[in-house]
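Those sequence lines, one after another, are chains U and W. Counting in the working numbering, the first sequence runs from 2 upward without gaps. Counting in the working numbering, the second sequence runs from 2 upward without gaps. Cβ atoms here follow ideal geometry from the backbone N, Cα and C, with glycine treated the same way. Note that this is a predicted model, so its numbers are computed, not measured. Working notes, structure below.
Protein chains: 2
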Amino acid sequence: MSEFLLDERLRADSLPVCELDLCRVLLMNDNRWPWAILVPRIVNAEEIHLLDTNAQIRLLGETTRIADVMAAVTGCEKINIGALGNIVRQLHVHVIARNCGDENWPGPVWGYGTRRPYPSDKGKLLLNKIKRQLA
Amino acid sequence: MSEFLLDERLRADSLPVCELDLCRVLLMNDNRWPWAILVPRIVNAEEIHLLDTNAQIRLLGETTRIADVMAAVTGCEKINIGALGNIVRQLHVHVIARNCGDENWPGPVWGYGTRRPYPSDKGKLLLNKIKRQLA
């Protein structure tokens, strides 16, 4: 039996937030947008529509919870949710807090420019806000 | 009481596919990618995470059904699912069939270049395949 291993690129580009019942939650280490990622700990999962219904509903519940948290913590204008996986095939769901005038608005965040890591204080501050809101 | 009205931009850019229990289903009239859109007939809905749980689960079920259909009809390599709404605020979920080497691969479809309508026979053929697979 294989065990769940987080994709190396997701790990390298993010800061760990928490473990929910189904998903590992990450914060993209990108100062351009508050951007969370949920990774279900299901070995070899790549597509939402191929999960069983129970896993789909649990993933939906946790995605909603993280979207609520990101909206509350940032006061953003719009939440963007996406599951693409064209590059990293391990199933992961993006939850991004968007605002009019942010980088590439109203276009998508994926594939736009180059990731800009948080200054360490700012990343820690946002992580702490997210963790408090989740608690 | 307001009634559901499809956003004018979604209508103008798409071909109608069918009505499911919750959603109107559209095919983007864009020859670059097989691209379906689900629009829940819920007045003023803008964010998945703000729907009640029942509506979320129904939307998930119909999104899964359309993703299965798009995968079966196209034999695509990857399904991309997204709910952005930065431009059109009416809640809508994108389900796109992607393949290595298609336009802007592995980047996202949103905001890329200019929509290229189907030659009418090709659009009709894809619509018919989708409808048969749904039946």
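Cutoff 9 Å: residue i Cβ touching any chain W Cβ
| i | result |
| --- | --- |
| U:Lys130 | no |
| U:Ala68 | yes |
| U:Ala84 | yes |
| U:Asn45 | no |
| U:Ala13 | no |
| U:His50 | yes |
7 Å Cβ cut-off: residues of chain U touching residue i
| i | result |
| --- | --- |
| W:Gln57 | Leu61 and Thr65 |
| W:Trp111 | Gly108 and Pro109 |
| W:Ile156 | Outside the displayed span of chain W (2 to 136) sits residue 156 of chain W, for which this structure offers no information. |
Chain W contact residues for residue i, given Cβ-Cβ distances below 7 Å
| i | result |
| --- | --- |
| U:Arg99 | Asn87 |
| U:Pro107 | Asn87 and Ile88 |
Euclidean distance between Cα positions of residue i and residue j
| i | j | result |
| --- | --- | --- |
| W:Glu104 | W:Pro35 | 12 Å |
| U:Ala56 | U:Leu7 | 18 Å |
| W:Trp106 | U:Ala13 | 22 Å |
| U:Arg10 | U:Val89 | 7 Å |
| U:Val70 | W:Asn32 | 38 Å |
| U:Val18 | U:Thr54 | 26 Å |
| W:Leu21 | U:Pro118 | 43 Å |
| U:Asn45 | U:Glu4 | 10 Å |
| U:Lys79 | U:Pro120 | 24 Å |
| W:Ala72 | U:Asn87 | 15 Å |
| U:Asp122 | U:Asn129 | 11 Å |
| U:Asn30 | U:Ile58 | 28 Å |
| W:Gly102 | U:Thr115 | 22 Å |
| W:Val74 | W:Asn100 | 13 Å |
| U:Val94 | W:Lys132 | 28 Å |
| W:Val110 | U:Leu127 | 30 Å |
| W:Leu85 | U:Ala98 | 10 Å |
| W:Ala68 | U:Ala68 | 22 Å |
| W:Ala37 | U:His50 | 14 Å |
Supposed close pair residue i, residue j - CB separation, criterion 8 Å
| i | j | result |
| --- | --- | --- |
| U:Leu23 | U:Leu60 | 6 Å |
| W:Leu39 | W:Val96 | 7 Å |
| W:Glu63 | W:Leu92 | Not a contact, Cβ separation roughly 13 Å. |
| U:Arg42 | U:Arg66 | So it is not a contact: roughly 16 Å between Cβ atoms. |
| U:Gly108 | W:Gly112 | 4 Å |
| W:Gly124 | W:Leu16 | 6 Å |
| W:Ile82 | U:Gly76 | About 26 Å separates the two Cβ atoms, so there is no contact after all. |
Beta-bridge pairing of residue i - partner residues as DSSP gives them
| i | result |
| --- | --- |
| W:Val26 | W:Cys19 and W:Leu39 |
| U:Gly83 | U:His95 and W:Gly83 |
Minimum Cβ-Cβ distance from residue i to chain U less than 9 Å
| i | result |
| --- | --- |
| W:Thr54 | yes |
| W:Ala72 | yes |
Near the ligand ATP: residue i beta-carbon under 8 Å from a heavy atom
| i | result |
| --- | --- |
| W:Leu11 | The model depicted lacks the ligand ATP and carries no ligand whatsoever. |
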